[in-house]
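Chemist: Numbering (the numbering used here), first residue to last: 5 to 367. All residues carry an ideal CB built from backbone N, CA and C; glycine is no exception.
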Amino acid sequence: MIWKFFLLALAASAAVNIWQPHTVSAASRPHIIVLATGGTIAGRAASSSDVTGYQSGVIGVDTLLNAVPKIQDAADVKGEQLSNIDSKDMTDDIWRRLAARIHEILTANEADGIVVTHGTDTMEETALFLSLTVKSEKPVVLTGAMLPATARNADGPRNLTDAVRVAANPESAGKGVLVVMNGEIHAARNVTKAHTTKIDAFESPDSGPIGRIDPSGIVFERSPLPPMQPQFSAELPLPRVDILYGHEGDDGALVEAALHAGAEGIVYAGLGNGSIPAEAEKQLAKAAAAGVVVIRASRTKGGAVVPAAPSYATEGFIDSGALNPQKARVLLRLALTKTQDPAEIQKIFREFSYCIPCQKMIQ
Ligand code: ASP
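So, in structure tokens, the structure goes:
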């Protein structure tokens with residue numbers, strides 16, 4: 005079975021031959037470590053035509069790297085298996101181990117850059133977590149695949165090769181954590197998974213990707229907004245924060261459930277510019293008065309959540325800025341390890357979400 009996979013993966017890598025890296029002399033090859041966490045890129049199905057009924061996170065990192073031997077032309081690449089899971093099951097413990105290992109590799113100069121292979125479902129959350137916790141100028145690049153490794157037209161070989169090329173490129177340094185998928189380079193702050201099944205499932209709403217990988221090489225098309233300056237410890241236990249999804253007729257009954265479960269924060273995926281139906285607002289205001297931090301985010305895909313109804317400010321709700329609800333949750337959990345003060349947390353959100361209208365509000 006592994007042989008069958010291996011041949012299929014080799015065939016897939018041959019099929020995308022134009023994406024193979026340019027050869028660099030052995031002496032000057034950068035060192036890249038691939039930390040594998042699982043995902044569809046390491047997924048296996050019973051047949052090469054099965055692209056949905058497969059198991060994520062089963063194939064080991066060495067097999068994935070051996071399937072793209074030419075990757076070694078771009079860099080001296082080594083793999084390490086950190087976990088092998090479907091990223092829907094990502095945990096705080098894996099996040100902590102991942103951040104610690106990246107920190108260790110980069111500070112001990114074990115590598116010039118890191119690639120993290122990851123399931124696409126929570127890739128944006130892990131990318132943001134690493135942005136906020138790992139201090140290094142060296143490139144940290146996440147990648148994955150939308151089709152399992154056994155698929156006839158698997159996208160994993162190309163994405164892995166592209167990610168290594170980006171991590172090995174000196175121009176990628178100092179740009180913060182990056183996500184490379186389908187020939188595009190995205191900044192961690194902006195990127196989101198925007199489609200359930202398409203190969204080009206990743207987008208950076210409003211801003212677009214910061215670069216691309218094409219046959220001529222890696223092209224950074226624009227400078228990212230200032231990369232996040234990581235300020236949080238990955239080692240501390242993270243408090244519970246729940247996301248509640250706004251909708252017509254929301255009476256706020258789930259606020260009580262979140263409090264009952266021990267939430268120290270609630271991200272409300274609000275309507276439009278973070279609007280909250282009146283009954284839900286009452287429940288959230290009670291929670292905020294009891295010391296639970298409430299963030300107003302938006303269930304829309306683009307734009308930033310900026311100050312709206314005066315009642316929201318009076319109730320102490322915080323605007324998420326340009327962070328979507330799942331990213332706002334990651335930032336809030338980390339922010340709560342430092343402070344419970346809503347005014348301080350609002351400042352943190354203004355700084356990290358870096359939405360243009362929010363920046364104007366700080367000045
Ligand atoms: N469910 C998979 C995962 O997130 C999807 C993927 O990797 O594309 O691990």
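State the Cα-Cα distance for the pair I89 and P314, rounded to the nearest angstrom.
Modeler: Numbered from 1 along the sequence shown, position 85 holds the residue referred to as residue 89. Numbered from 1 along the sequence shown, position 310 holds the residue referred to as residue 314. Going from the Cα of I89 to the Cα of P314 covers about 44 Å.
Chemist: Just the Cα atoms here: how many angstroms apart are A293 and A198?
Modeler: For the purposes of this step, residue 293 is taken as residue 289 along the sequence shown, with counting starting at 1. For the purposes of this step, residue 198 is taken as residue 194 along the sequence shown, with counting starting at 1. Near 35 Å, if we compare the C-alpha coordinates of A198 and A293.
Chemist: Hey, is G325 close to the ligand ASP, as in C-beta under 7 Å from one of its heavy atoms?
Modeler: The residue labelled residue 325 in the question sits at position 321 within the sequence shown. Result no, Cβ not under 7 Å from the ligand ASP.
Chemist: Below 6 Å CB to CB, which residues in the same chain sit around V184 once its five sequence neighbours on both sides are set aside?
Modeler: As a working mapping, residue 184 is identified with position 180 in the sequence shown. Cβ neighbours of V184 beyond the five flanking positions: V145, T147, D166, A167, V170.
Chemist: Helix or strand or just coil, what does DSSP make of K74?
Modeler: Along the sequence shown, read from residue 1 onward, the residue named residue 74 stands at position 70. Note: K74 maps to coil in three-state DSSP.
Chemist: Is it the case that the CB of T124 approaches a heavy atom of the ligand ASP more closely than 7 Å?
Modeler: Walking along the sequence shown from the start, residue 124 turns up at place 120. Because some heavy atom of the ligand ASP lies under 7 Å away, the Cβ of T124 counts as near it: yes.
Chemist: Tell me whether G160 sits in a helix, a strand or coil according to DSSP, three-state version.
Modeler: Mapped onto the sequence shown, residue 160 falls at position 156. It is helical.
Chemist: Please name the residue, chosen from Y58, I45, R337, I217, that lies closest to D66 on a Cα-to-Cα basis.
Modeler: Here the question's residue 66 lines up with position 62 in the sequence shown. It is I45.
Chemist: Which same chain residues, not among the five before or five after T318, have their C-beta less than 8 Å away from its C-beta?
Modeler: Start at 1 with the first residue of the sequence shown, and residue 318 comes out as number 314. So the list is empty, once near-sequence residues are dropped.
Chemist: Around the Cβ of D96, are there at least 16 other Cβ atoms within 10 angstroms (buried) or fewer (exposed)?
Modeler: For the purposes of this step, residue 96 is taken as the residue at position 92 of the sequence shown. The residue in question, D96, is exposed, as its Cβ has fewer than 16 Cβ neighbours within 10 Å.
Chemist: Buried or exposed: S135, going by 16 or more other Cβ atoms within 10 Å of its Cβ?
Modeler: Within the sequence shown, residue 135 is the residue found at index 131, counting from 1. Counting Cβ neighbours within 10 Å, S135 comes out buried, since at least 16 surround it.
Chemist: Quick one: grab the DSSP three-state call for I270.
Modeler: As a working note, residue 270 is residue 266 in the sequence shown. Looking at I270 - three-state DSSP - the assignment turns out to be strand.
Chemist: Going by the beta-carbon positions, is the gap between A291 and G250 smaller than 8 Å?
Modeler: As a first step, residue 291 is located in the sequence shown; it is residue number 287 there, counting from the start. As a first step, residue 250 is located in the sequence shown; it is residue number 246 there, counting from the start. Contact flag unset, no.
Chemist: Determine the DSSP secondary structure at F206, reduced to helix, strand or coil.
Modeler: Position 202 of the sequence shown, counted from the first residue, corresponds to residue 206. Residue state, collapsed to three classes: strand.
Chemist: Taking 7 Å as the line, does the beta carbon of M232 fall inside it for any heavy atom of the ligand ASP?
Modeler: Residue numbering aside, residue 232 sits at position 228 when the sequence shown is read from its first letter. No, the Cβ of M232 stays beyond 7 Å of every heavy atom of the ligand ASP.
Chemist: Could you name the residues that DSSP lists as bridge partners for A191?
Modeler: Numbered from 1 along the sequence shown, position 187 holds the residue referred to as residue 191. Per DSSP, L182.
Chemist: Tell me the DSSP secondary structure of K351 in three-state form.
Modeler: For this step, residue 351 is matched to residue 347 along the sequence shown. DSSP places K351 in helix when its eight states are reduced to three.
Chemist: With distance defined between alpha-carbon atoms, name the residue in V55, G43, A177, T56 nearest to V62.
Modeler: Here residue 62 refers to the residue found at position 58 when the sequence shown is read from its first residue. Residue G43 is the option with its Cα nearest to V62.
Chemist: Determine the closest residue to L335 out of T304, V298, G306, with distance taken between C-alpha atoms.
Modeler: To locate residue 335, count along the sequence shown from 1; it is residue 331. Among T304, V298, G306, the Cα nearest to that of L335 is on V298.
Chemist: Does A301 pass the burial test, meaning 16 or more other C-beta atoms within 10 Å, or should it be called exposed?
Modeler: Counting from 1 along the sequence shown, the entry for residue 301 is found at position 297. Burial call: buried.
Chemist: Cα separation between V72 and T201?
Modeler: As a working mapping, residue 72 is identified with position 68 in the sequence shown. As a working mapping, residue 201 is identified with position 197 in the sequence shown. So the two alpha carbons sit approximately 24 Å from each other.
Chemist: Could you please give the first and the last residue of the uninterrupted alpha helix (DSSP H) stretch that includes L132?
Modeler: Position 128 of the sequence shown, counted from the start, is the residue given in the question as residue 132. 127-137 is the extent of the alpha helix (DSSP H) around L132.
Chemist: What are the boundary residues of the alpha helix (DSSP H) that K331 is part of?
Modeler: Looking up residue 331 in the sequence shown gives position 327. First-last of the alpha helix (DSSP H) with K331: 329-339.
Chemist: Which runs of the alpha helix (DSSP H), 4 residues or longer, sit entirely within the region 281-309?
Modeler: As far as the region 281-309 is concerned, its whole alpha helix (DSSP H) runs of at least 4 residues are 282-293.
Chemist: In three-state DSSP terms, what is L146?
Modeler: Numbered from 1 along the sequence shown, position 142 holds the residue referred to as residue 146. Strand.
Chemist: So if DSSP puts A49 in a beta bridge, which residue, or which two residues, is it bridged to?
Modeler: Working through the sequence shown from its first residue, we reach residue 49 at position 45. According to DSSP, A49 bridges with Y58.
Chemist: How about the region 224-238 and the region 325-344: do they share at least three Cβ pairs that are nearer than 8 Å?
Modeler: With the cut-off at 8 Å, the region 224-238 and the region 325-344 touch.
Chemist: Determine the direct distance from the alpha carbon of A312 to that of H35, and round the result to whole angstroms.
Modeler: As a position in the sequence shown, residue 35 is number 31, starting the count at 1. As a position in the sequence shown, residue 312 is number 308, starting the count at 1. Taking the straight line joining both Cα atoms gives about 49 Å.
Chemist: Which whole-angstrom value is the C-beta distance of A177 and K139, which I expect to be below 8 Å?
Modeler: As a first step, residue 177 must be located in the sequence shown, where it is residue number 173. As a first step, residue 139 must be located in the sequence shown, where it is residue number 135. So it is not a contact: roughly 13 Å between Cβ atoms.
Chemist: Tell me the rounded alpha-carbon separation between R101 and A326.
Modeler: Taking the sequence shown and counting its residues from 1, the one referred to as residue 101 is at position 97. Taking the sequence shown and counting its residues from 1, the one referred to as residue 326 is at position 322. Each residue's Cα considered, the two are about 28 Å apart.
Chemist: Answer yes or no: the CB of T111 versus the heavy atoms of the ligand ASP, is any distance below 7 Å?
Modeler: The count along the sequence shown starts at 1 and reaches residue 111 at position 107. Not under cutoff, so the answer is no.
Chemist: Measuring only the C-alpha atoms, how far is G256 from E268?
Modeler: On the sequence shown, position 252 is the one that residue 256 refers to. On the sequence shown, position 264 is the one that residue 268 refers to. Roughly 17 Å between the two C-alpha positions.
Chemist: Using DSSP with H/G/I as helix, E/B as strand and the rest coil, what is D254?
Modeler: The residue labelled residue 254 in the question sits at position 250 within the sequence shown. Looking at D254 - three-state DSSP - the assignment turns out to be coil, as it is neither helix nor strand.
Chemist: Does any heavy atom of the ligand ASP sit closer than 7 Å to the C-beta of S176?
Modeler: By one-based count along the sequence shown, residue 176 stands at place 172. Not under cutoff, so the answer is no.
Chemist: Between the Cα of A192 and those of I270, S208, D204, spot the shortest distance and give me the residue it belongs to.
Modeler: As a position in the sequence shown, residue 192 is number 188, starting the count at 1. Checked all of I270, S208, D204; the closest Cα to A192 is S208.
Chemist: With DSSP collapsed to three states, give me the class of R226.
Modeler: The residue you call residue 226 lines up with position 222 of the sequence shown. Residue state, collapsed to three classes: coil.
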